[in-house]
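Engineer: Questions regarding the structure given below will be posed in turn.
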Amino acid sequence: QSHTVYVQVLNSLLREGKNEDGLALFRRMRNKRIFPAAEICNALMKHYLNLGKEADVIQLFKEMKESGIVPTVATYQHVMIACEKTETWDLGVEIIHELELLESNKNDKGQIR
């Protein structure tokens with residue numbers, strides 16, 4: 096129940112351009128081990144990139160993975176930008192391998208097996 100409320104409020108803050116308030120709420124959620132969907136994380140990653148906080152993008156990506164949130168294409172794009180700017184090549188290579196593995200596990204209809 097509280098997860099849904101947090102996510103709705105966070106989403107509203109980001110849509111209204113109140114990114115700093117959104118970041119503050121996200122930090123509170125994270126402290127309580129409440130994680131939103133990948134799309135909300137992507138919006139936060141985009142904000143972090145705009146602020147030049149590439150290390151925060153990478154940290155958020157790691158927390159997403161640890162909490163079981165499935166990254167989207169946008170997630171990977173944001174993280175690859177952050178890897179390039181921070182010269183975190185090992186993570187960039189890991190992501191490329193992960194994407195190659197996901198691609199090789201797709202069936203003829205493009206669905207992951």
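In my numbering, the protein residues as written are 96 to 208.
Heads up, the beta-carbon is just placed ideally off N, CA and C, and yes, glycines get one too.
For E189, which residues in the same chain have their Cβ closer than 7 Å to its Cβ, ignoring the five residues on either side in sequence?
Structural biologist: Hits under 7 Å: none found.
Engineer: For C136 and T181, which I take to be in contact (beta-carbon distance under 8 Å), what is that distance rounded to the nearest angstrom?
Structural biologist: Their Cβ separation, rounded to whole angstroms, is 18 Å, which puts C136 and T181 out of contact at 8 Å.
Engineer: Taking just the CA atoms, how far does L194 sit from N200?
Structural biologist: C-alpha separation (whole angstroms): 10 Å.
Engineer: If you run the structure through DSSP and keep just helix, strand and coil, what is R208?
Structural biologist: Confidence is the limiting factor: at R208 the pLDDT is only 47, short of 50, which leaves the residue's position unreliable, though a coordinate-based value still follows. Coil at R208, not helix or strand.
Engineer: Can you give the Cα-Cα distance for A133 and V100, rounded to whole angstroms?
Structural biologist: So the two alpha carbons sit approximately 16 Å from each other.
Engineer: Could you tell me whether the Cβ of I153 comes closer than 8 Å to any Cβ of chain C?
Structural biologist: No chain C is part of this structure, which consists of one protein chain only.
Engineer: Applying the criterion that 16 or more other CB atoms from any shown protein chain within 10 Å of the CB defines a buried residue, is I153 buried or exposed?
Structural biologist: Flag for I153 reads buried.
Engineer: Check each candidate in L155, S162, L105 and name the one with the smallest Cα separation from M175.
Structural biologist: Ranking the options by Cα distance to M175, first place goes to L155.
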